[in-house]
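Participant:
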Amino acid sequence: MEKVESRKITSGTKEWAKKNCNIGFGCLHDCPYCYAKKIAIHYKRKTEETWKVMEPNLKAINKGYRKIKNDDPNLYDYMFPSSHDILPEILDNYLIVLKKLLKAGNSVLIVSKPWPYCIDKITNAVRKYKSKIGFRFTITSTNKGRLAFWQPNAPGYNDMMTSLIIAFVKGFTTSVSIEPNLDSDPTRLILNVAPYVTESIWFGKMNYIKAEGITEEEKPYYLYQRKISSWSHIQKIIEKIKLLPEDVKSKIRIKDSIVKMYKKHGIEVQI
Ligand code: SF4
């Protein structure tokens with residue numbers, strides 16, 4: 188059976204780190220757009236129902252980790268995790284592996300829809316490795332309803348903002364990923380997070396929006412998502428981003444999901 192841990196790094200994550208690390212199968216957050224879930228169901232490792240059940244990958248937890256070779260100064264050595272999230276239930280195992288990676292000398296990008304409890308514990312546990320750590324929080328909307336639909340068991344907006352502020356005030360490198368963007372106008376979210384971001388704000392669209400098996404209740408969410416991810420709407424968003432203050436704009440990085448869209452139309456995206 189193919190392991191999630193060893194799957195090929197997708198374009199979304201290879202923009203950020205040389206290697207992925209994961210310590211479990213499944214994710215309680217259960218986002219309908221989750222790529223890892225799609226892969227796990229495709230390879231019959233999980234079903235629509237069992238994806239929510241997080242099973243520890245004991246091999247990944249118990250093994251040793253060495254410093255990996257990484258010649259690219261723009262990439263972290265490890266992104267941890269990439270195919271599940273960090274929840275209180277797995278925090279002890281998460282910290283065991285995080286410490287092993289850091290102790291070996293690796294830099295680690297911690298990616299999460301963050302729970303304040305977890306971020307507080309992590310920042311306390313690994314503060315001596317601060318210079319080797321970056322936090323990248325996936326905060327995709329300010330809208331309660333859309334967050335509840337697209338990431339039903341993940342923390343709400345206020346909890347994610349609290350987590351960002353915790354990492355920021357404790358002096359860690361912080362960044363935010365607005366991918367997949369869930370808002371018609373994400374500039375409000377960008378302005379909200381910018382004061383607490385020391386590094387970058389990544390902006391990207393939803394890459395895969397399913398067209399079949401959608402219930403009547405789900406339809407408005409999918410229609411809205413399709414509209415805001417369309418070529419004409421993405422151009423409008425980029426124009427709005429161009430109007431943001433320079434100090435905010437300097438933190439924004441456009442993800443390859445949008446760069447490719449512009450390339451397809453023979454244009455280079457510029458903000
Ligand atoms: S939090 Fe991430 S890994 Fe978990 S279900 Fe959502 S997209 Fe997938």
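For the sequence shown, the numbering used here begins at 188 and goes up steadily by one. Where a beta carbon is used, it is the ideal one built from N, C-alpha and C, also for glycine.
How would you write the range of the alpha helix (DSSP H) that residue 287 sits in, first residue to last?
Facilitator: Residues 278-290.
Participant: Tell whether a beta-carbon distance below 8 Å holds between residue 445 and residue 421.
Facilitator: Yes.
Participant: Is residue 443 helix, strand or coil by DSSP?
Facilitator: Helix at residue 443.
Participant: According to DSSP, what are the bridge partners of residue 320?
Facilitator: According to DSSP, which records beta bridges pairwise, residue 320 is partnered with 295.
Participant: Using a strict less-than 6 Å threshold between each residue's beta carbon and the heavy atoms of the ligand SF4, what residues do you get?
Facilitator: That gives 214, 216, 217, 218, 221, 223, 224, 270, 271, 272, 300, 338 and 341.
Participant: Going by alpha carbons, who is nearest to residue 362 out of 451, 368, 406 and 351?
Facilitator: For the residues 451, 368, 406 and 351, the minimum Cα distance to residue 362 belongs to 351.
Participant: Closer than 8 Å by C-beta to residue 225: which residues in its own chain qualify, once you throw out the five before and the five after it? Chain order, please.
Facilitator: Only 395 meet the Cβ criterion.
Participant: Closest by CA to residue 308, which one among 229, 281, 448 and 211?
Facilitator: When each option's Cα is compared against that of residue 308, the closest is 281.
Participant: Would you check if there are 3 or more beta carbon pairs closer than 8 Å linking the stretch 277-294 to the stretch 304-320?
Facilitator: Because the criterion of three Cβ pairs below 8 Å is met, the stretch 277-294 and the stretch 304-320 touch.
Participant: So residue 323 and residue 298 are in contact, right, with Cβ under 8 Å, and what is the actual spacing, rounded?
Facilitator: Confirmed, Cβ separation roughly 5 Å.
Participant: For residue 238, name the three-state secondary structure that DSSP assigns.
Facilitator: Correct three-state label for residue 238: helix.
Participant: Residues in its own chain within less than 7 Å of residue 195 by CB, not counting five upstream and five downstream?
Facilitator: The predicted model places residue 195 with a pLDDT of 37, which falls under 50 and marks its position as unreliable, so this point remains unresolved.
Participant: What do you get for residue 288, buried or exposed, if any count of 16 or more other CB atoms within 10 angstroms of its CB means buried?
Facilitator: The residue is buried, with at least 16 neighbouring Cβ atoms inside 10 Å.
Participant: Taking DSSP's pairing of strands, which residues face residue 390 in a bridge?
Facilitator: For residue 390, which the question treats as bridged, DSSP gives the partners 365 and 441.
Participant: May I ask which residues mark the beginning and end of the beta strand (DSSP E) holding residue 264?
Facilitator: Residues 263-266.
Participant: Within its chain, find whatever has a CB closer than 8 Å to the CB of residue 453; leave out the 5 residues flanking it on each side and keep chain order.
Facilitator: Taken in chain order, the list of residues that qualify is empty.
Participant: Compare the beta carbon distance of residue 303 and residue 349 with 8 Å and say whether it is the shorter of the two.
Facilitator: In this structure, residue 349 lies closer than 8 Å to residue 303 by Cβ.
Participant: Between the alpha carbons of residue 240 and residue 339, how many angstroms are there, rounded?
Facilitator: About 14 Å.
Participant: So, for residue 418: in the same chain, excluding its five sequence neighbours on each side, which residues have a beta-carbon less than 8 Å away from its beta-carbon?
Facilitator: Closer than 8 Å at Cβ, skipping near neighbours: 448 and 452.
Participant: If you draw a straight line from the C-alpha of residue 389 to the C-alpha of residue 378, how long is it?
Facilitator: Straight-line Cα distance between these residues: approximately 13 Å.
Participant: Since residue 244 contacts residue 273 with CB under 8 Å, what's their CB separation in whole angstroms?
Facilitator: Not quite, the Cβ-Cβ distance comes to about 14 Å (not below 8 Å), so this is no contact.
Participant: With DSSP as the reference, label residue 260 as helix, strand or coil.
Facilitator: Residue state, collapsed to three classes: coil.
Participant: Starting from the Cα of residue 381, find the closest Cα among 366, 393 and 355 and give me that residue.
Facilitator: The option with the nearest alpha carbon to residue 381 is 355.
Participant: Output the distance between the C-alpha atoms of residue 256 and residue 405, rounded to the nearest integer angstrom.
Facilitator: Those two C-alpha atoms are separated by around 45 Å.
Participant: Tell me where the beta strand (DSSP E) around residue 249 begins and ends.
Facilitator: Not the beta strand (DSSP E): residue 249 falls in the alpha helix (DSSP H), residues 245-249.
Participant: By the DSSP assignment, the alpha helix (DSSP H) with residue 300 in it spans what residues?
Facilitator: Residue 300 -> no alpha helix (DSSP H), and no H or E assigned at all.
Participant: Which residues in the same chain as residue 214 place their Cβ atom closer than 6 Å to its Cβ, once the five residues preceding and following it in sequence are excluded?
Facilitator: Once the five neighbours on either side are set aside, the close Cβ partners of residue 214 are 271 and 272.
Participant: Give me the Cα-Cα distance between residue 278 and residue 311, rounded to the nearest whole angstrom.
Facilitator: About 13 Å.
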